[in-house]
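One structure is given below, encoded as structure tokens.
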Amino acid sequence: MSDLLSAFLHLLLLFKLVAPVTFRHHHYDDLVRTLYKVHNQCPYITQIYSIGRSVKGRHLYVLEFSDYPGIHEPLEPEVKYVGNMHGDEVLGRELLLQLSEFLCEEFQNQNQRIMRLIQETRIHILPSMNPDGYEAAATQGPNMPEYLVGRNNANKVDLNRNFPDLNIYFYYNEKHGGPNHHLPLPENWESQVEPETKAVIHWMRSFNFVLSANLHGGAVVANYPYDKSPGHRFRNPYRTTNSPTPDDKLFRKLAKVYSYAHGWMHQGWNCGDYFPDGITNGASWYSLSKGMQDFNYLHTNCFEITLELSCNKFPRQEELQREWLGNREALIQFLEQVHQGIKGMVLDENHHNLTGAVISVHGINHDVTAGERGDYFRLLLPGTYTVTATAPGFDPQTENVIVHPGRPTLVNFYLKRSIAPVNPLRKAPGGGQGGRMQAQLRITKKKDGARKQPHRGPG
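Residue numbers for the sequence shown, in mature numbering (1 follows the signal peptide of the UniProt record, and there is no 0): -20 to -1, 1 to 439.
Here it is, written out as structure tokens:
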């Protein structure tokens, strides 16, 4: 009898190990338990942290994946996923939970692609930016008619219309001269935004994010900036205006990577709409003011796109597995896009970090800055570029750089102090990772350094 019991327990354990993931909707408490389950399963490559609280006091939890969680390693880019910004658009929330479990399990299974991704990238996953809205929507569930309650936060504010409007400053500066990046925030901005928005802005300013995607529902298309047109109008299907960024070709490529890796987005016809290649410029679809993806581009180093992932904003539980299979490869491929272009260190003659040095690429009117550790990341398509690095009090350095497909080109800058007197340092807008001093940098060639060894244990 004991042998039969032993065999039964063995089979039960085996079933537990190979049982498929349960595809279901997660209320807030379930979401938190799932995040901690992943962390407990993969403690050496994950950490959980909160970036703030919702109106009703729910934590906005982030799950981080890295071979050294909690640490920014120089030359290792940071990327983020944000889900459930609109509480009734729930598929992104569930996909990000599935992705978290997938990354943990595949790392444990020694999947070389996933191991390399986690060893060379710091990944931050915020499954729900609007947990209060989700709980309101979930009380109705997927059986209710097309539009649910819960889109807005508990104060009835649309969080994707709640970020400071920096587009107006950029359009003005384009015509009259002025900064093309890290545009400053109004002095009283914190009193003008919701708690969830405030938490996300502080999060953006605390990490030198390079790439991001914001997961929505209600359509199936990869949407890239600008969302707001210079002559802003509210949604009008008959009068739309394309509003490209200086990095339009790069954004189109990022959107296509997701669309063509997705199960059906690239086909174009979805939800009664047609988008060639499954992508669209935001403003050419409809103009949107105070959105998050434009804010990322204009205030930080981060390039963000918006992913509309389902016709039904609250898919039925039995549809979740199909949606996961349709999005899994695209979610991984998009993360891998952070490893392109150029990156490197900006140092002075004594090898001190030049934090806030600005990276400028000739012909692209959008700069990025070096982070606190002196490292910078500039996403670029394959090609030849003229890149310059400048910092107040230092002579500029200009290099011609060849960017190849695949791995980024490593370009380090060693700037020499200027002999001529210079103007006092001007504090960079934002004061976060993006820059404490306004230094102008244009980028050069970089060789990949030695690959670091994977992290094997705590510490």
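Ideal Cβ positions, reconstructed from N, Cα and C, are used throughout, including at glycine.
query: For N281 and R296, what's the separation of their Cα atoms in angstroms?; result: 37 Å
query: Suppose you measure from the CA of P54 to the CA of D355; what does that come to, to the nearest Å?; result: 6 Å
query: Within its chain, find whatever has a CB closer than 8 Å to the CB of I98; leave out the 5 residues flanking it on each side and keep chain order.; result: I25, F45, S46, D47, L83, F87
query: Less than 8 Å between the beta carbons of P107 and S34, yes or no?; result: no
query: Within 10 Å of its beta-carbon, does K293 have 16 or more other beta-carbons around it, so buried, or fewer, so exposed?; result: buried
query: Name the two residues that bound the continuous alpha helix (DSSP H) containing E316.; result: 300 to 316
query: Please classify Q320 as buried or exposed, where buried requires at least 16 neighbouring CB atoms within 10 angstroms.; result: buried
query: Is it true that the stretch 159 to 167 meets the stretch 202 to 210, where meeting means three or more beta-carbon pairs spaced less than 8 Å apart?; result: no
query: Could you check how far apart the C-beta atoms of residue 445 and L40 are, in whole angstroms? I think they sit under 8 Å.; result: Because the chain in this structure spans residues -20 to 439, residue 445 falls outside the shown range and cannot be described.
query: Helix, strand or coil for Q120, going by three-state DSSP, please let me know.; result: coil
query: Report the rounded CA-to-CA distance for S398 versus T370, giving the unit in angstroms.; result: 11 Å
query: Give the straight-line distance between the Cα atoms of Y365 and E167, rounded to the nearest whole angstrom.; result: 37 Å
query: Counting C-beta neighbours from all protein chains within 10 Å, is the total for Q90 16 or more, i.e. buried, or is it exposed?; result: exposed
query: Using a Cβ-Cβ cut-off of 6 Å (strictly less than) and excluding sequence neighbours within five positions of T220, which residues of its own chain qualify?; result: S264
query: Taking the beta strand (DSSP E) that M325 falls in, what are its first and last residues?; result: 322 to 328
query: According to the Cβ coordinates, are residue 443 and L230 closer than 8 Å?; result: Residue 443 lies beyond the residue range present for the chain, which begins at -20 and ends at 439; the question has no answer from this structure.
query: Name the one or two DSSP bridge partners that V18 has.; result: In the DSSP output, where bridge partners are listed per residue, V18 has none listed.
query: For F314, which option in Y238, E81, F393, G72 has the closest C-alpha, if you only look at C-alpha atoms?; result: Y238
query: Leaving out the 5 sequence neighbours to the left and right, which residues in its chain are closer than 7 Å to F255 when beta-carbon positions are compared?; result: V201, G248
query: For K407, count the other beta carbons within 10 Å of its own beta carbon; 16 or more makes it buried, fewer makes it exposed. Which is it?; result: Model confidence at K407 stands at a pLDDT of 41, short of 50, so the residue's coordinates are unreliable; what they give is reported in the following sentence. Classification for K407: exposed.
query: Suppose the cutoff is 8 Å on Cβ atoms and the five residues either side in sequence are ignored; what does the same chain contact list for K178 look like?; result: G32, E170
query: Should D347 be labelled buried (16 or more other beta-carbon atoms within 10 Å of its own) or exposed?; result: buried
query: Hey, how far is the Cα of D10 from the Cα of V341?; result: 46 Å
query: Keeping to the same chain, check which residues put their C-beta closer than 8 Å to that of P226; ignore five residues upstream and five downstream.; result: N160, I344, N345, H346
query: State the Cα-Cα distance for the pair R387 and E100, rounded to the nearest angstrom.; result: 11 Å
query: Taking DSSP as the reference, what is the three-state secondary structure of S186?; result: helix
query: Cβ of V18 within 8 Å of Cβ of E81?; result: yes
query: In angstroms with no decimal places, state the Cα-to-Cα distance between G116 and A134.; result: It is worth fixing the name first, because residue 116 is Ala in this sequence and not Gly. For A116 and A134, the distance between alpha carbons rounds to 9 Å.
query: Taking all protein chains shown into account, do 16 or more other C-beta atoms lie within 10 angstroms of the C-beta of Q92, making it buried, or fewer, making it exposed?; result: exposed
query: Are there 16 or more other CB atoms within 10 angstroms of the CB of L165, so buried, or fewer, so exposed?; result: buried
query: Just tell me which of H104, S209, V180 has its CA closest to the CA of Y151.; result: S209
query: Pull up the DSSP beta-bridge partners for T378, would you.; result: T368
query: In the DSSP assignment, find the unbroken alpha helix (DSSP H) run with F87 in it and report its ends.; result: 71 to 88
query: To the nearest angstrom, report how far apart G336 and D328 are at their CA atoms.; result: 13 Å
query: If you reduce the DSSP assignment to three classes, tell me which class I94 lands in.; result: helix
query: With which residues is L289 paired in a DSSP beta bridge?; result: V200
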